[in-house]
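Data first, discussion second: the structure below is written as structure tokens.
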Amino acid sequence: MINQLQVNVHGPADVRLDTVEGPEPGPRDAVVRVASCGICGSDVGYVKIGGIAGPTGSPMPIGHELSGVVEFVGSEVRGVRSGDRVVVDPLGAQNQIGNGGDEGGFTPRLLVRNAAEGRSLVPIPDGLPFETAALAEPLGVGMQAVNRGRAQPGEKAVVFGAGPIGLAAIATLRFRGVEDVIAVDLSDTRLEVAQRLGARAIVNPSRDRVGSRIRELHGTSLVMGAAMGDSDLYIEASGAAPVLPQIIQRAKSGARVVVVALHREEIAVNFLLIMMKQLELLGSIAQPDDWNDMIEMLGEVDLSAMITHRFPLERFAEGLAIAQDADAGAKVMIDCGGATPG
Numbered sequence: 010m011i012n013q014l015q016v017n018v019h020g021p022a023d024v025r026l027d028t029v030e031g032p033e034p035g036p037r038d039a040v041v042r043v044a045s046c047g048i049c050g051s052d053v054g055y056v057k058i059g060g061i062a063g064p065t066g067s068p069m070p071i072g073h074e075l076s077g078v079v080e081f082v083g084s085e086v087r088g089v090r091s092g093d094r095v096v097v098d099p100l101g102a103q104n105q106i107g108n109g110g111d112e113g114g115f116t117p118r119l120l121v122r123n124a125a126e127g128r129s130l131v132p133i134p135d136g137l138p139f140e141t142a143a144l145a146e147p148l149g150v151g152m153q154a155v156n157r158g159r160a161q162p163g164e165k166a167v168v169f170g171a172g173p174i175g176l177a178a179i180a181t182l183r184f185r186g187v188e189d190v191i192a193v194d195l196s197d198t199r200l201e202v203a204q205r206l207g208a209r210a211i212v213n214p215s216r217d218r219v220g221s222r223i224r225e226l227h228g229t230s231l232v233m234g235a236a237m238g239d240s241d242l243y244i245e246a247s248g249a250a251p252v253l254p255q256i257i258q259r260a261k262s263g264a265r266v267v268v269v270a271l272h273r274e275e276i277a278v279n280f281l282l283i284m285m286k287q288l289e290l291l292g293s294i295a296q297p298d299d300w301n302d303m304i305e306m307l308g309e310v311d312l313s314a315m316i317t318h319r320f321p322l323e324r325f326a327e328g329l330a331i332a333q334d335a336d337a338g339a340k341v342m343i344d345c346g347g348a349t350p351g
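Residue numbers (the working numbering): 10 to 351.
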């Protein structure tokens, strides 16, 4: 058996590039040579607290935004074969890849258990670069938020948080015909990326009055005599505690509010305003059921602007440091070396 590298979380702020044994697949499994794997905000969170919900006493492999080439398929696996270019659904077949399961994507060769169920490996076109394909998972999270918000062409939307998920939501909104999108973030670097992905306007709370600026850009709608922003849809992708109460305070009657950010602490919400303004408050998690929706969009829309930094697996610690700094960039992509980039 050939040993290989694997990024593991060992405890709070304790992440290591370990040498581990390579995959041992069974008849229902597959092995993927990992080309690219993105560092997700949840990876940053796992490192901070030492695991999914804290330390477990065992190393936890991380990495779940990945693409690569199928190296091996078991005798019971159908629909894919050795040499196929794929992205991996990390939650397919209940694998929990990089999310508390036994495997993680920051490694050259990944064991995909129960690939025979047919839900874990999604083929990608030959012309789609691996690092772009690895955006399918975060794109899907933003896309699901847009789906939950029932965004329609011609509507006005505001996205709070221009990290990878917020950027994915912005790109999806534009792809779906929503042209009047405002991005709100404290990082000018991320706001610049948001504009490149289609945001019509940007707002930085460190120098702009957010509510006033949204009303200037989207117009106003009167609610019991008070002027509210005329935005139809709000997507909360920032994770900042004050944002959701502020959205509820400023939203017009009938507006839809989708929460896709991870809020680990409880937030006080004014349900009287939700009732009086007949707001819709919606949660969103994970991706649409059909991963081909993301693959189709990646083939039509250039999302490479989301990737602001690239590192080889051996320099994972440098990439993690960038991902931990919201001002430093957007998506950090790791070349895991399992397949030739392209």
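Positions of the beta carbon are idealized from the N, C-alpha and C atoms, including for glycine. Just so we're clear, the structure is a prediction, and the values are computed from it rather than from any experiment.
Self-check item: Beta-carbon spacing of A246, V278 below 9 Å
Solution: no
Exercise. Please go through the same chain and pick out, in chain order, the residues whose beta-carbon is closer than 8 Å to the beta-carbon of V367, but skip the five residues on each side of it.
Key: The requested residue 367 does not occur in the structure, where the chain is confined to residues 10 to 351.
Quiz item: Is the beta carbon of R183 less than 9 Å from the beta carbon of G347?
Solution: no
Exercise. For the alpha helix (DSSP H) holding R199, just list the boundary residues, first then last.
Key: D197 to R205
Quiz item: What residues in its chain sit with their C-beta under 6 Å from that of R209, if we drop five residues either side in the sequence?
Solution: Cβ within range, chain order: D189 and V190.
Quiz prompt | Any non-hydrogen atom of the ligand HEM closer than 8 Å to M342 Cβ | solution = The ligand HEM is not part of this structure, which contains no ligands at all.
Quiz item: Taking Cβ positions, are S240 and I223 nearer each other than 9 Å?
Solution: yes
Practice problem: Determine the closest residue to Q13 out of N108, E30 and D23, with distance taken between C-alpha atoms. | Solution: E30
Exercise. Assess, as a yes-or-no matter, whether the segment 142-151 is touched by the segment 170-179 under the definition of 3 or more beta carbon pairs within less than 8 Å.
Key: yes
Quiz prompt | Contact check, S45 vs A143, beta carbons under 9 Å | solution = yes
Quiz item: Around the Cβ of S293, are there at least 16 other Cβ atoms within 10 angstroms (buried) or fewer (exposed)?
Solution: buried
Quiz item: Run through DSSP, which three-state label would V86 get?
Solution: coil
Exercise. Identify whether I331 lies in helix, strand or coil by the three-state DSSP scheme.
Key: helix
Quiz item: By Cβ distance, which residues of its chain are closer than 7 Å to D217, with the 5 residues on each side in sequence left out?
Solution: For D217, where only same-chain residues beyond five positions count, there are no Cβ hits under 7 Å.
Quiz item: Ends of the alpha helix (DSSP H) at R183?
Solution: P173 to F184
Quiz item: Can you name the residues that DSSP bridges to I133?
Solution: Looking at the DSSP assignment, I133 forms no beta bridge with any residue, so it has no partner.
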